[in-house]
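Here the sequence shown stands for residues 550 to 859, where the numbers follow the numbering used here.
All residues carry an ideal CB built from backbone N, CA and C; glycine is no exception.
Quantities reported herein were computed from a predicted structural model and do not represent experimental measurements.
A short worksheet on the structure shown next.
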Amino acid sequence: MRLEDVRLRYGRSGPWVLRGVTARLDPGEVAVVLGRNGAGKSTLLQLCAGVLRPARGRVVDRPRHVGWVPERFPADQPCTVTRYLTAMGRVAGLGRADTDRAVDRWTDRLGLTPFREVRLPDLSKGTAQKVGLAQAMLRTPGLLVLDEPWEGLDSAARGLVPELIDEVLADGGAVLVSDHRGETVRLPGARHWTVADGLVTEEAASGDGAVAVVEVAVPAARVAGTVARLRADGHHILRVREPATPPTPVLVPPTPVPSSSVADPSAGRPGAPATGGPAGAAEPSVGVPPPDSGSTVDPARSGRPGEVAR
Ligand SMILES: Nc1ncnc2c1ncn2[C@@H]1O[C@H](COP(=O)(O)OP(=O)(O)OP(=O)(O)O)[C@@H](O)[C@H]1O
Numbered sequence: 550m551r552l553e554d555v556r557l558r559y560g561r562s563g564p565w566v567l568r569g570v571t572a573r574l575d576p577g578e579v580a581v582v583l584g585r586n587g588a589g590k591s592t593l594l595q596l597c598a599g600v601l602r603p604a605r606g607r608v609v610d611r612p613r614h615v616g617w618v619p620e621r622f623p624a625d626q627p628c629t630v631t632r633y634l635t636a637m638g639r640v641a642g643l644g645r646a647d648t649d650r651a652v653d654r655w656t657d658r659l660g661l662t663p664f665r666e667v668r669l670p671d672l673s674k675g676t677a678q679k680v681g682l683a684q685a686m687l688r689t690p691g692l693l694v695l696d697e698p699w700e701g702l703d704s705a706a707r708g709l710v711p712e713l714i715d716e717v718l719a720d721g722g723a724v725l726v727s728d729h730r731g732e733t734v735r736l737p738g739a740r741h742w743t744v745a746d747g748l749v750t751e752e753a754a755s756g757d758g759a760v761a762v763v764e765v766a767v768p769a770a771r772v773a774g775t776v777a778r779l780r781a782d783g784h785h786i787l788r789v790r791e792p793a794t795p796p797t798p799v800l801v802p803p804t805p806v807p808s809s810s811v812a813d814p815s816a817g818r819p820g821a822p823a824t825g826g827p828a829g830a831a832e833p834s835v836g837v838p839p840p841d842s843g844s845t846v847d848p849a850r851s852g853r854p855g856e857v858a859r
């Protein structure tokens, strides 16, 4: 998605809130929107989500399915959580059965199952916020726009936000998120956009051009999210190996070690770097050891130009 010289003001004679914003967000990227109160963060997010239209300039290549989570979930509609989410699933273009499945999945995932028959106005602020997150995820969005998504959530639920972001990124989507509480430290790979004086500036990516190979072992269930996060951080994923069947432990009697030998202090230690990668190679890689156990490469992404770094 690209913003081309976008300008916006509220009302014909109001001051320009955004006065010539040019920015770009590619699939697999997450950008955190920062800025002082009143700078125009929510305005920018609403523009990106398609809730507001620019007075001048244009937003192009916005993904078809946008998940929009406003800062305050409009919980004044007199229907239950289930009815609301079902209606939103249909609005998002899901069929009846897919809607029901998505509502079951996301109410369960966000701990909303006990509240399904509660009317929206009777929900606490944090629970209503979770309903807002659920409706945005019913149909995996190509662009997820979150305005202060951590607001009102308890600590357990706050941990879910990066998970949802990972899932969107892993699915090839992009994410834009505002944050004034510093919660985006949970998104280490995010780009940083700052809104000030009606313009958006981005912190330059650091790096001196040197690259290295890093092999990382992660629980199988976290592979997609980890890959998404590393991609969002600008890393090139060389391959993802299938998890190996753990070797059957064999008990052997201890062998006396000659006094002249030197033990490798990192051998067998949890967290010790895995070996077996291309020694001395100069590209970052992510893998699940052991080597040569077959590889799974996302065909939609591998080898695509622009995949390496921004
Ligand atoms: N619906 C509206 N009508 C008129 N002015 C508005 C409207 N919404 C926002 N503004 C004004 O636009 C400017 C930017 O507001 P916006 O909510 O985008 O800022 P923000 O950076 O998100 O602020 P905060 O950090 O306080 O949430 C402010 O001066 C605000 O008063």
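- Annotation: residue 700 to residue 733 spans about 12 Å, alpha carbon to alpha carbon.
- In this structure residue 789 is in contact with residue 772, their Cβ atoms being roughly 6 Å apart against a cut-off of 8 Å.
- In the structure shown, residue 671 adopts helical secondary structure according to DSSP, grouped into three states.
- Under the three-pair Cβ rule at 8 Å, the stretch 635–647 does not count as touching the stretch 708–721.
- Residue 709 and residue 685 have their alpha carbons spaced roughly 14 Å apart.
- In this structure, residue 588 has its CB closer than 6 Å to one or more heavy atoms of ligand 1.
- In the structure shown, residue 592 adopts helical secondary structure according to DSSP, grouped into three states.
- Going by DSSP, residue 630 is part of the alpha helix (DSSP H) stretching over 630–640.
- The secondary-structure analysis by DSSP pairs residue 743 across a beta bridge with 583 and 750.
- Comparing C-alpha distances from residue 662 to each of 647, 630, 644 and 681 shows the shortest one belongs to 630.
- By the neighbour-count definition (other C-beta atoms within 10 Å, threshold 16), residue 696 is a buried residue.
- Taking 6 Å as the cut-off, the C-beta of residue 555 does not count as close to any heavy atom of ligand 1.
- Contact check for residue 557 against residue 604 passes: the beta carbons are separated by less than 7 Å.
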